[in-house]
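Pasting the structure below:
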């Protein structure tokens, strides 16, 4: 499950969660609303689904980086998260 989520400045990092397979149920709001920030989902080796994140992602005024997760994570899900963040910017 999710055991490593860290906010640094205006950035939010979800990384190095060895057993996390999905972000189902996670709602991310207000990342970098005033000055811009980044959402980084990185190095979660079993993460195979971003769940509803593309639909629930709101008020992320910055970049999105999704990398080094499970090779079974559909690129379409990662692309949808990035597109949602761009729409909100």
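In my numbering, the protein residues as written are 1 to 89.
All C-beta atoms, glycine included, are put in the ideal place defined by N, C-alpha and C.
- The alpha-carbon separation between residue 22 and residue 51 amounts to approximately 6 Å.
- Between the alpha carbons of residue 28 and residue 39 lies a distance of about 9 Å.
- Setting aside the 5 residues that flank it on each side, residue 49 is surrounded in the same chain by 22, each with a C-beta closer than 6 Å to its C-beta; the list follows chain order.
- Residue 8 sits exposed, since fewer than 16 C-beta atoms from the chains shown fall within 10 Å of its C-beta.
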